[in-house]
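Taking it in order: structure first as structure tokens, then the write-up.
In our numbering, the protein residues as written are 21 to 300.
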């Protein structure tokens, strides 16, 4: 941990009521111009450093015959100063608390998602929270690109889906149920086959923009074109009602040893999940 700890330098960024209301109603909202040029340059360097030094949790989420490459990595922020700045010292902690309507905000984890030019592999429709080891309604993820993202390859959401049921989480490439047992949760509806039934939200993004979404919001994205690189850093936060929900299976990401430190139903008061708002 750096001297003084985390959560002492986050800057304020007041949201208007309409933005908070849109997040509450739809489960996803676009935020324009959140990051300045210096922050973007620092984050880009942090992403490139991460790609050059992937962690043991990293994975390639595309097939071997894909002309591109879809790389993911998780939980590296404590070793990456650029990620630390975005998670702790940017406007995100204050924004997160407002969107969650929570007194406080604590880091849950970071997630790197990079689709290299020509990657065909889509990100199928899914919710994030069923893969996780947390319960509670106060949460938010920020999807932060450092490259322009056109409508064809941006993240898409089913508006209001965060207020509904949990759907069965499956592996992206072979659709295996490795989390909840088969039949334990409802299967995803046929969103692509029946688009008229599902109101979708999507935004083209420029560097400096981000999308905030609830961990139960259904979302998906396509591959990227041959001339497009899509480097994205995701920052995830938890609010006041978040509780530890250990699973009898391996969560994604994993937090080894956490179940031995925190009982089920406990607040996530652990060095892995430091409080970063309010500023101390």
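Quick reminder that beta carbons are idealized off the backbone N, C-alpha and C, glycines included.
Asked                                                                                                                                                                    : Found
For residue 185, which residues of its own chain have a beta-carbon under 7 Å away from its beta-carbon, when the five flanking residues on both sides are left out?     : 206
Quick one: what's residue 251 bridged to in DSSP?                                                                                                                        : 134
Going by DSSP in three states, residue 103 sits in which element: helix, strand or coil?                                                                                 : helix
What do you get for residue 22, buried or exposed, if any count of 16 or more other CB atoms within 10 angstroms of its CB means buried?                                 : Unreliable placement is indicated for residue 22, whose pLDDT of 49 sits below 50; the coordinate value is still reported in the next sentence. By the neighbour-count rule (16 or more Cβ atoms within 10 Å), residue 22 is not buried but exposed.
Three-state secondary structure (DSSP) at residue 159?                                                                                                                   : strand
Where in the stretch 54 to 116 do unbroken runs of the beta strand (DSSP E), each at least 3 residues long, occur, reported from the N-terminal end onward?              : 90 to 94
Quick one: using the 10 Å Cβ neighbour count with 16 as the cut-off for buried, is residue 73 buried or exposed?                                                         : exposed
Tell me which same chain residues have a C-beta within less than 7 Å of the C-beta of residue 242, skipping the five on either side of it?                               : 142, 172 and 173
Does residue 128 come out as helix, strand or coil in the three-state DSSP assignment?                                                                                   : strand
For the candidate residues 98, 234 and 229, whose alpha-carbon lies nearest to that of residue 177?                                                                      : 234
By DSSP, does residue 28 sit in helix, in strand, or in coil?                                                                                                            : coil
In terms of alpha-carbon separation, which member of 116, 209 and 240 lies closest to residue 259?                                                                       : 116
Pull the bridge partners of residue 176 from the DSSP assignment, please.                                                                                                : 222 and 240
In whole angstroms, what is the alpha-carbon distance linking residue 24 and residue 204?                                                                                : Its pLDDT being 48, under 50, residue 24 is placed unreliably in this model, and the value from its coordinates should be taken loosely. If I take the Cα positions, the gap works out to 45 Å.
Between residue 51 and chain D, is any beta-carbon pair separated by less than 8 Å?                                                                                      : The structure shown contains no chain D; it holds only a single protein chain.
Ends of the alpha helix (DSSP H) at residue 51?                                                                                                                          : That residue, residue 51, is in no alpha helix (DSSP H); its beta strand (DSSP E) goes 48 to 51.
Would you call the stretch 211 to 224 and the stretch 99 to 114 in contact, with 3 or more CB pairs under 8 Å?                                                           : no
Looking at residue 111: is its Cβ nearer than 8 Å to the Cβ of residue 154?                                                                                              : no
Since I believe residue 164 is in contact with residue 91 (beta carbons under 8 Å), could you give me their beta-carbon distance rounded to a whole number of angstroms? : Contact doesn't hold; Cβ gap of about 16 Å is too wide.
Do the CB positions of residue 231 and residue 113 come within less than 8 Å of each other?                                                                              : no
Whole angstroms is fine: what's the gap from residue 122's alpha carbon to residue 268's?                                                                                : 29 Å
Just checking my contact of residue 119 with residue 40 at CB under 8 Å: how many whole Å lie between their CB atoms?                                                    : 6 Å
Just mark residue 56 as buried or exposed, buried being the case when its beta carbon has 16 or more other beta carbons within 10 Å.                                     : exposed
How would you call residue 82, buried or exposed, if buried means at least 16 neighbouring beta carbons within 10 angstroms?                                             : buried
Rounding to the nearest angstrom, what Cα-Cα distance links residue 95 and residue 181 in this structure?                                                                : 26 Å
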